[in-house]
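Input: a single structure, listed below in structure tokens.
In our numbering, the protein residues as written are 253 to 1309.
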């Protein structure tokens, strides 16, 4: 659907001072070319200044009457550096070494901008024409035409690819060159690529592509030339119009449209061999699979019956377009070089239309016209804030073509799809597409339509569009007619920047009607004479330059216009504001935006349009209410500014739309560094109480609501609690009670639920405990109060938050350090309590090992520094052993060693026992813990137990026994009985027994502990070994009386068995 508005996109209009009636005209680089329709063949050149003022630059003669013409800014693609092929192609065999080096340097290295300005000062662009003379048609390119238009009479005519002698070409700087491009068939249509300046020529059954080249004559002169590089043979296809852009080709006949893309391919065939590629198509016909023979017979029968055959309309997109049965053969005519390119054809789109059977026109009047491409360039990768590079990267590509009463706009870049359909109010003659508008001329008017190119290109450029971060009006948004400006007899139109060039020509009867005498009493003869005189004296044509108004001016008018629909038709209001937004977005996406004088004003208008759209989606009951959030974000408005935009009378409104609630909910639940005033915070309370009362606890806990009145908040919370009570609501009321200083109310609310329920309640709203400010976790007043009064609940709540992914481990560390006012290197006891509690609940292996190492390090640090915790630990060693598998029961031999008093073991008994409990468990990675335990290596009995526990966990039992025998022999047997089992049992008699015997023999009876240990181990070994094995272990010089009881015990055990 096409909406109709009455806006004013057209500004001033001026008449181009042409001397003769124009036959063809085109624009380019602030220049207007007008080809004369009279017998004298020539082109007038006008400089287009600001506000559409035209100043004649001069004129030059053509060799024939101009049938078609096009302008190309050739230097656009090559300004960054010459292609090596172009540089080599003009290097003579006898060129000097200096010249060859210069050419190769230009082929690979970017040349300074001043040098390029000098090189291309005369011939950066060209004008190409199809001319007719003596009933023959010619294709010519006018290069360096500025010299001719400036008054120089020197002209050089040469054939394409002609090798110019250096002495001859030195004069090219001061003369115009006419390049003749010979073709085997008459040229029918032409198109220049806006990206690289290449030329495409349409002939009967084929298309010819000329590649633009730069010929380096010397250091101060580079000229343009062309090379016929590729021919596309298309059987039974006569192109009416062609369009060419970035290897994309659009061809139209009267009722068919075919869009192709030339893909570069790797080719390893012989260089001298001609490259031909036949595009295969399936035998299946588009119209449903009828065989060729059957179709021919059927057609013949219908013709005999005097019926007219009308094929069905067909639209084929992407891969399906191969079914169009239009085979294409590629013939490469490029000279054989190292960088020769080879292409293959990719079909993108085929459409077949039927003759118009509508009341608007007859069948024979239905013809396609105005096929054209519109490239949109990447503004992020190739542009910076201060410069615009000449070499631009293509972002999106669009193709437009039109029937007399309907136009079609397709995206043919990354995805081929129909974007918009334009239904005209009357028969169209021609149309031009721009990034912001579609201008269409009919028999009586110039019409201006909006386009969706910027909406599609924005989505290609920014992946965050259509998320909660960014938004853009949809591509499917209805297009609209902004203006229908009446003109008499519009015939042709072209466009450049913000200028529209329009040719009008009134028929004789139109002039007669305008100048008809008011007195109706004149005779028929007098009327005839008058009419003849007018037609002889008055040419009846005009060439206008019409300026479109500035983007800002039209944007303001759209915004003002939208206000008329604000309270009547909300859909139309949103539509107009969306159009205004896309208008500004298109201007910002233009490559010239960064050098524009209106840059800052356009950016302000963009943000303002986002704010207006945010207002619409927040105030109106629309299906797309969620768009209020991204549009307000793109506007740069704060939450307070958005609330201020709500009308003052809204305080009396009892309902608020979903868009505003959606925006406030998401914004207030984010970590924003913004505090609302008391008035605005209370206003937010009222909004949510009326619109979504269940969200009140979450909204009150937002950092933005710090200044909210606690009494008002409690009043609303109590009303909500009557409807739907919850633990989160109770905690929020307790929070507000703390803010009011009402401890009685606080205790009542906190005692209304068990502590376990309260801890889980914090999962529903973590902001009750902590806030985030620029990545820093800050405890709330509630958390500070819990630290003093209920530290166990605080730790349990933080564990619950961690286990439900509401807080990361590092965030929790920062939270407790800030809560306890400890420095970066100091670990408060409350954080250790959190780690210990998390060990009980956590099941992730990586987190478990991290926690075990953290608590181990803290225990070791305190023991080594003799530093007691600043607060009483929440859990004792016994509590941890009973509740956590990672804390093991302390081994008897460890307890025995610790029972032997040592001055070093009197400090930090709780930390010592927790450390030993972790080492007695099976969870900690001992290898990773060894560096942490190093400070306790010489710490008395604690150090001994730590060393022996580590050696035991590593399987080094003999080393453990050596340590015990050296420092605590009495514990050796206890250790052996507890640790030496199964495969390690042999250590008892192979290691421990010989060691005890040896040590006892050396000290005799001076060490009763060793003697007692030896007796005990002998009793154990006697019970497990055979008599002879046991006897072999006894020392030869041992006292028989000492060992005999154990031998008897061993022998008696054997007899009993």
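Virtual Cβ for every residue (Gly too), placed ideally from N, Cα, C.
Selection from the options that minimises the alpha carbon distance to residue i
i, options, result
"residue 689", "648, 720, 626", "626"
"residue 666", "392, 598, 991", "598"
"residue 721", "736, 737, 656, 915", "915"
"residue 568", "1209, 510, 1132", "510"
"residue 879", "484, 600, 863", "863"
"residue 657", "622, 827, 395", "622"
"residue 898", "882, 872, 918, 885", "872"
"residue 649", "844, 685, 850, 489", "685"
"residue 706", "460, 1197, 1210, 723", "723"
"residue 1197", "1184, 1183, 1210, 1172", "1172"
"residue 436", "447, 459, 450", "459"
"residue 308", "295, 318, 315", "295"
"residue 838", "725, 679, 745, 896", "725"
"residue 1083", "575, 1065, 713, 896", "1065"
"residue 1123", "322, 1094, 1131, 1044", "1044"
"residue 382", "408, 431, 433, 319", "319"
Beta-carbon contacts of residue i that lie in its chain and below 6 Å, excluding the five residues immediately before and after
i, result
"residue 703", "690"
"residue 266", "304, 797"
"residue 508", "604"
"residue 1177", "1101"
"residue 258", "none"
Residues near residue i in its chain [Cβ-Cβ closer than 8 Å; skip 5 each side]
i, result
"residue 300", "279, 282, 283, 284, 306, 748, 751, 797"
"residue 254", "674, 675, 701, 730, 731, 732, 733"
N-terminal and C-terminal residue of the alpha helix (DSSP H) that residue i is part of
i, result
"residue 1349", "The structure shown does not extend to residue 1349, since the chain spans only 253 to 1309, so no value can be given for it."
"residue 1067", "1061 to 1071"
"residue 1122", "Element bounds for residue 1122: n/a, residue is neither H nor E."
"residue 483", "Residue 483 -> not in any alpha helix (DSSP H); beta strand (DSSP E) instead, spanning 473 to 486."
"residue 1202", "1192 to 1205"
"residue 1212", "1209 to 1219"
"residue 887", "880 to 887"
"residue 1168", "1161 to 1172"
"residue 897", "891 to 897"
"residue 951", "948 to 952"
Proximal residues to residue i (C-beta, below 7 Å), its chain only, five neighbours per side dropped
i, result
"residue 1325", "Since the first residue shown for the chain is 253 and the last is 1309, residue 1325 is missing from the structure and cannot be characterised."
"residue 956", "891, 920, 924, 926, 927, 928"
"residue 261", "689, 700, 734, 735, 800, 801, 806"
"residue 1046", "1035, 1038, 1039"
"residue 220", "The shown model of the chain, from 253 to 1309, leaves out residue 220, and the question about it has no answer."
"residue 964", "934, 937"
"residue 1211", "1203"
Check: residue i C-beta below 7 Å from any heavy atom of the ligand FMN
i, result
"residue 928", "In the structure shown, the ligand FMN is absent, as is every other ligand, since no ligand is present at all."
Start-to-end residues for the beta strand (DSSP E) that takes in residue i
i, result
"residue 501", "500 to 504"
"residue 726", "No beta strand (DSSP E) holds residue 726; DSSP gives it neither H nor E."
"residue 872", "No beta strand (DSSP E) contains residue 872, which DSSP labels as neither H nor E."
"residue 394", "388 to 395"
According to DSSP, residues forming a beta bridge with residue i
i, result
"residue 495", "502"
"residue 736", "699"
"residue 757", "793"
"residue 378", "324, 395"
"residue 994", "Partner(s): none; residue 994 has no beta bridge."
"residue 751", "748, 799"
"residue 604", "508, 566"
"residue 1031", "1022"
Residue-level contact to chain C via CB, residue i, 8 Å cutoff
i, result
"residue 269", "The structure shown has no chain C; it contains just one protein chain."
Could you tell me whether the stretch 1013 to 1025 touches the stretch 920 to 927, using the rule of 3 or more Cβ pairs below 8 Å?
-> Enough Cβ pairs lie closer than 8 Å, so yes.
Touching by the beta-carbon criterion (3+ pairs, under 8 Å), the stretch 439 to 457 and the stretch 386 to 395 | With a cut-off of 8 Å, the stretch 386 to 395 and the stretch 439 to 457 count as touching, because enough Cβ pairs lie within range.
State whether the stretch 794 to 808 contacts the stretch 828 to 836, with contact taken as three or more CB pairs (one from each stretch) at a distance under 8 Å.
-> Judged by Cβ distances under 8 Å, the stretch 794 to 808 makes contact with the stretch 828 to 836, as three or more pairs qualify.
Can we say the stretch 470 to 482 touches the stretch 576 to 585, given the rule of at least three CB pairs closer than 8 Å?
-> They touch, by the three-pair rule.
Contact between the stretch 1132 to 1150 and the stretch 1110 to 1118 (3+ Cβ pairs under 8 Å) | Verdict: no, contact absent.
Are three or more beta carbon pairs between the stretch 1022 to 1034 and the stretch 993 to 1003 nearer than 8 Å?
-> As far as the Cβ criterion goes, the stretch 1022 to 1034 does not touch the stretch 993 to 1003, which means the pair count is below three.
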